[in-house]
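Notes follow once the structure below has been shown.
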Amino acid sequence: ETGVTQTPRHLVMGMTNKKSLKCEQHLGHNAMYWYKQSAKKPLELMFVYNFKEQTENNSVPSRFSPECPNSSHLFLHLHTLQPEDSALYLCASSRTDVSARGTGELFFGEGSRLTVL
Amino acid sequence: KQEVTQIPAALSVPEGENLVLNCSFTDSAIYNLQWFRQDPGKGLTSLLLIQSSQREQTSGRLNASLDKSSGRSTLYIAASQPGDSATYLCAVKEGPGTYKYIFGTGTRLKVLA
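Next up, the structure:
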């Protein structure tokens, strides 16, 4: 149990569906991340939120829409996806208060395996 | 542009062997380096975090070292067990204020019983 919970763990959707991935962290962190992991590729950073403000959007297509209502919750809304979007989507969180020792450690959830038919 | 490389991509060893996994990075100006373990279809589990001012960190049978000047980190696993079979990834964070962690592609380890 890492303190970062993702739901659902598995999702199958058609190209015309709309679905959402959810992430919740219980670590008191201020930053939350969405990563995409495809086979044989390094992790790809998609979005970063710091204190619920978006700080990074790594040129992600608009069919992926993030939402961060507070520092503990992060969503990824999915619509009109393509089969190549099938991947493991990982949520992570960290603390970025530079005055504290040991900050910057990244904690991941178990991931949501997405299959687009 | 920072690049992180992990060689080899895959490794098989007999149970009980001590082994070393390698992580190289091209820009020595890093804030920290983190080692992760990933089991198939699962998320990443943090193993060890080394701050830029540190030379090594230990946790149980794991020891990670950091040599910033040469752009290298190693993860040493003592007395390997079949349960250590997983993919091991390293990631560098370039600064305290950045949110970008640069990941390697990982080393897939198989420990044979």
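So the protein sequences, as listed, match chains U and C.
Each position in the first sequence, counted from 1, maps to that position plus 124 in the numbering used here.
Position 4 of the second sequence, counted from 1, bears residue number -5 in the numbering used here, the numbering being contiguous throughout.
In this text, a Cβ means the ideal position worked out from N, Cα and C, and glycines have one as well.
Three-state secondary structure (DSSP) of residue 208(U): As a position in the first sequence, residue 208(U) is number 84, starting the count at 1. Note: residue 208(U) maps to helix in three-state DSSP.
Cβ-based contacts, 9 Å cut-off: residues of the stretch 202 to 220 of chain U near chain C: Considering only beta carbons, the part of the stretch 202 to 220 of chain U lying closer than 9 Å to chain C consists of 212, 214, 215, 216, 218, 220, in chain order.
Enclosing beta strand (DSSP E) for residue 188(U) [first to last residue]: Within the first sequence, numbered from 1, the residue matching residue 188(U) stands at position 64. Element bounds for residue 188(U): 188 to 194.
Below-8 Å beta-carbon distance, residue 166(U) vs any chain C residue: Counting from 1 along the first sequence, the entry for residue 166(U) is found at position 42. Yes, its Cβ sits closer than 8 Å to a Cβ of chain C.
Collapsed DSSP secondary structure at residue 30(C) in the structure displayed: One-based indexing of the second sequence puts residue 30(C) at position 39. In the structure shown, residue 30(C) sits in coil (DSSP, three-state: anything other than H, G, I, E or B).
Contact check, residue 158(U) vs residue 171(U), beta carbons under 8 Å: Within the first sequence, residue 158(U) is the residue found at index 34, counting from 1. Within the first sequence, residue 171(U) is the residue found at index 47, counting from 1. Result yes, Cβ atoms of residue 158(U) and residue 171(U) sit closer than 8 Å.
Expected contact under 8 Å - CB spacing of residue 64(C) and residue 53(C) to nearest Å: To locate residue 64(C), count along the second sequence from 1; it is residue 73. To locate residue 53(C), count along the second sequence from 1; it is residue 62. Going by Cβ atoms, the distance from residue 64(C) to residue 53(C) rounds to 12 Å, so no, they are not a contact pair.
Nearest neighbour of residue 136(U), chosen from 178(U), 207(U), 151(U), 177(U) [CA to CA]: The count along the first sequence starts at 1 and reaches residue 136(U) at position 12. Of 178(U), 207(U), 151(U), 177(U), the residue nearest in Cα terms is 207(U).
DSSP three-state assignment for residue 18(C), whether helix, strand or coil: On the second sequence, residue 18(C) is found 27 positions in, with the first residue counted as 1. Looking at residue 18(C) - three-state DSSP - the assignment turns out to be coil, as it is neither helix nor strand.
Per DSSP, the bridge partner or partners of residue 101(C): As a working note, residue 101(C) is residue 110 in the second sequence. In DSSP, residue 101(C) forms a bridge with 3(C).
Chain U contacts from the stretch 19 to 38 of chain C (Cβ-Cβ distance under 8 Å): So the list reads 22, 23, 25, 27, 32, 33, 34, 35, 36, 37, given in the order they occur along the chain.
Short Cβ contact (8 Å threshold) for residue 96(C) with residue -3(C): Taking the second sequence and counting its residues from 1, the one referred to as residue 96(C) is at position 105. Taking the second sequence and counting its residues from 1, the one referred to as residue -3(C) is at position 6. Yes, they are a contact pair.
Test: residue 91(C) CB closer than 8 Å to a CB of chain U: Taking the first residue of the second sequence as 1, we reach residue 91(C) at position 100. Yes, residue 91(C) counts as interfacial toward chain U.
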